[in-house]
Amino acid sequence: VVCITVNDHDKANVTPIARRFHDLGFEIRATEGTWRYLRARGIPAERIFKVGEGRPHIVDQLISGEIDLLINTPLGKKSQYDDYSMRRAAITRKVPYCTTLSAASAACDAAIALRSRERTVLSLQER
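In short: position in the sequence shown from 1, add 17, done, that's this note's numbering.
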């Protein structure tokens, strides 16, 4: 399961990343704004609650081991509490956590490479 929660500015650019993860067979879960955006563009996704919206929320699902990768691009003070609690849960549970779309794209490239057995290492700047 790939969980995606991105700020409004990043929604358009996360769409191809989400599509690639979906095409690889990953289930996509997203918070409401991201979920609506992805579904409107034909990407199947399940809605997941932010902390404080209901349960089970992102942190609950991180703790229970349901999420394999978290993509979160926080923006502004409003997202600070959710960002902190998600980051803490992801680190505690050793769940990969991407805070930029470049990192999310690299994580998708890595998943593709692992499936194809291709093993090359490049820095983000070399991509």
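We put the CB at the ideal spot given by N, CA and C, even for glycine.
| Item | Value |
| --- | --- |
| Rounded separation between D25 and Q142 - CA only | 25 Å |
| Alpha-carbon to alpha-carbon, A120 and L55 | 19 Å |
| Nearest-angstrom Cα separation, counted from Y114 out to A107 | 7 Å |
| Beta-carbon gap between A62 and I45 smaller than 8 Å | yes |
| DSSP state of V112 mapped onto helix, strand, coil | coil |
| Opening and closing residue of the alpha helix (DSSP H) in which T51 lies | 49-57 |
| With 16 other Cβ atoms within 10 Å as the buried cut-off, status of A57 | exposed |
| Cβ shell of D85 (< 6 Å), same chain only, five flanking positions each side left out | V18 |
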